[in-house]
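Listed in order, the protein sequences are those of chains A and B. Per the working numbering, the very first residue in the first sequence carries number 312; after that it's consecutive. Per the working numbering, the very first residue in the second sequence carries number 1444; after that it's consecutive. Every residue, glycine too, gets a C-beta built ideally from N, C-alpha and C. All figures in this text were calculated on a predicted structure; none of them were measured in a lab. Right, one structure below, let's go through it.
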Amino acid sequence: MEPLPVKGVVKNGQVVLETPLNLPDGTIVTLTPHDATQAGGLTDSPDAAKRKLLELINRLDLIDDPDWRAKAEPDRVAFTEKLILEMAGMWANRPELGDDKECAEPARHS
Amino acid sequence: MTSTIVPGLIDTAVLLAWTRGHPPASYFFLALNRLFAPQISRLSVIELLRACQSDAERTLTLQFFAVSQTLELTGAIARQAVDLLTTIALPTQLTASDAIIASTAIEHSLPLYTVDPARFAVVPGLTTIQPY
């Protein structure tokens, strides 16, 4: 059976749904805890991604700041710029790599 | 180089050109980064990780992803890619990866930065920008 596209929160031991279910009375349903790391796909939760970014740019002091993104932006730009220059040509001088060879040119890889 | 840089999804080939030392690709990334965090598909993350050949390369690549905005692969994007490959005129040069990247751009209402706009010209509703 398809999972129900409905979220809720537990309050005082009861699940409170965001929106009412369009199911007949008496329908038995199964609840599973929400996994934030799976909900968005294959990546970190937003909080984990934020922490990783702030760690990298050495601005963990902004972790609880509601305006963290704007305040961290100059450091993000500077860090990424350094990374862009460091990674530019990173693979240029490697030996040819079989089916990866076409990547040596700025053409479509896949 | 484009005269105006706008937010857009960056195709895997542009990322590969940059890491392969193509100077215009590096200049593009530098210019874009001053305005926005690079937006890339999770598929491009996978493709770049697959191309890494050492721990050092992988470390730098993962750092780059952490400071970028990664757009996830979702069921809606997968369905759109299937719809696209079901309906476009054949024969086509569009690969499965192209279809996923194009669908990601459409799903997020973003233009696609690509070095090969002609390849994506068959995709309805997709705007492409040649980055350099």
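Is the Cβ of residue i closer than 9 Å to any Cβ of chain B?
i	result
Lys382(A)	no
Ala347(A)	Only weak support is given to the placement of Ala347(A): the predicted model assigns it a pLDDT of 45, under 50, and the question is left unresolved by the model.
Ile395(A)	yes
Arg387(A)	yes
Thr391(A)	yes
Cys414(A)	Unreliable placement is indicated for Cys414(A), whose pLDDT of 42 sits below 50; the coordinate value is still reported in the next sentence. Chain B contact via Cβ: present.
Can you check whether the C-beta of residue i is within less than 9 Å of a C-beta belonging to chain A?
i	result
Arg1522(B)	no
Pro1415(B)	The structure shown does not extend to residue 1415(B), since chain B spans only 1444 to 1575, so no value can be given for it.
Leu1553(B)	no
Leu1452(B)	no
So which residues on chain B does residue i lean against when the C-beta distance must stay under 7 Å?
i	result
Leu367(A)	Gln1506, Ala1509 and Val1510
Leu373(A)	In chain order: nothing, as chain B lies at least about 14 Å away.
Lys363(A)	Ala1509
Taking C-beta pairs closer than 9 Å, name the residues in chain B that residue i reaches, listed in chain order.
i	result
Gly400(A)	Trp1461, Thr1462, Arg1463, Gly1464, His1465, Pro1466 and Ser1469
Whose Cβ in chain A lies nearer than 8 Å to the Cβ of residue i?
i	result
Glu1500(B)	Met401 and Trp402
Is residue i helix, strand or coil by DSSP?
i	result
Val1558(B)	coil
Val1488(B)	helix
Gln1506(B)	helix
Gln1536(B)	coil
Thr1547(B)	helix
Leu364(A)	helix
Val1566(B)	coil
Thr1447(B)	coil
Ile1572(B)	strand
Val388(A)	helix
Val1525(B)	helix
Val340(A)	coil
Thr330(A)	coil
Gly1518(B)	helix
Note down, in chain order, every chain A residue with its Cβ under 7 Å from the Cβ of residue i.
i	result
Ile1503(B)	One detail in the question is off: residue 1503(B) reads as Leu in this sequence, not Ile. Per Cβ cutoff of 7 Å: Leu394, Glu397, Met398 and Met401.
Leu1473(B)	Glu392 and Ile395
Does the beta carbon of residue i fall short of 8 Å from some heavy atom of the ligand COA?
i	result
Gly1464(B)	The ligand COA is absent from the structure shown, which contains no ligands of any kind.
**Asked** Just checking, does the region 1562-1573 of chain B make contact with the region 1541-1548 of chain B on the three C-beta pairs under 8 Å criterion?
**Response** With three or more CB-CB distances shorter than 8 Å, the region 1562-1573 of chain B counts as touching the region 1541-1548 of chain B.
**Members of the region 1484-1495 of chain B that neighbour chain A once the beta carbon cut-off is set at 7 Å** = Within the region 1484-1495 of chain B, those residues whose Cβ lies closer than 7 Å to any Cβ of chain A are, in chain order, Arg1485, Glu1490 and Ala1494.
**Request:** Would you check if the region 1505-1512 of chain B and the region 1473-1489 of chain B touch, i.e. whether three or more CB-CB distances between them fall below 8 Å?
**Result:** Flag = yes, the region 1473-1489 of chain B and the region 1505-1512 of chain B touch.
**Message:** Would the region 1459-1469 of chain B count as touching the region 380-398 of chain A if we require 3 or more Cβ pairs under 8 Å?
**Reply:** Three or more beta-carbon pairs drawn from the region 1459-1469 of chain B and the region 380-398 of chain A are found closer than 8 Å, and the two stretches are therefore classed as touching.
**Request:** Evaluate contact between the region 1548-1566 of chain B and the region 1448-1457 of chain B, counting only Cβ atoms and requiring at least three cross-stretch pairs below 8 Å.
**Result:** Verdict: yes, contact present.
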